[in-house]
Amino acid sequence: MIVRDKKELELLLAKIPRYRGWRRELEQYETPSSIVSHILWLAYLKGDVYSKNIAEPGCGTGVFSIGALLLGASKSICIDIDNSILEHTHSVVKNIFRNLSHRLILVNSDIRDLEVNSVDTVIMNPPFGVYRRNRGLDLFFLRKAMGMAYSIYSLHKYSPMLEEIITDLSRDWGFDITYSERLKFPIPMMYPTHRRRIYIVETVLYVFRKRM
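When you line the sequence shown up against the numbering used here, it's residues 32 to 243, in that order.
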């Protein structure tokens, strides 16, 4: 199946059943299908999805991987440290997107211990690194992505300081930031510590391209 437009993609991704076992210590949050479809459609229009090999580090429910396959990616490698959430993804693909199952590779591993052969594109929403034990994890994910892909689409919590760090990091690793866009990321009340029904986080989508 290859979808025809961004709205159709969003509607298909919205059919994915909600996962109930989110783990706060891993900074797991559900990425809204509207944001996923927006990022994937941008990547599709830039030629970074169709017939490409995709990787999604910290994939969670694998929504970027599933969406990329719906847009005609050759295969997608879905990597997460949490085996329970990968079992959920396996069940979703088996029951809803069965025709995609032979092109989706699920890998249960800590990204810090994993070496991935080169892929065309990485699309990810890594942990923001807001908890003390996770500080810098977002940048570690980004460095891993730069070691495996030609094109990268990565969502990060916005801050002017982090923007400077990411700009320097991309230059040091031989990448150009070819596009960036501020996106409002809604986080619903998911954990006992949450006090608001919905919390809006300012994020930035960065698109990186390796210099030739």
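Just so you know, even glycine gets a beta-carbon here, dropped at the ideal spot from N, CA and C.
Check, Outcome
"Whether TYR184 touches ILE70 by CB criterion (8 Å)", "yes"
"Contact check, SER149 vs MET179, beta carbons under 8 Å", "yes"
"Assigned exposure category for ILE85 - 16 Cβ within 10 Å defines buried", "buried"
"Simplified DSSP assignment, three categories, for LYS83", "coil"
"According to DSSP, residues forming a beta bridge with CYS90", "None; CYS90 has no bridge partner."
"Close-in-space but distant-in-sequence residues of the same chain around SER64 (CB under 6 Å, 5 per side omitted)", "GLU41, LEU44 and ALA45"
"Collapsed DSSP secondary structure at LEU145 in the structure displayed", "coil"
"For LEU170 and CYS109, the rounded distance between their alpha carbons", "19 Å"
"Close beta carbons around TRP204, own chain, < 6 Å, minus the five adjacent residues each side", "MET177"
"Under the three-state DSSP convention, the category PRO157 falls into", "coil"
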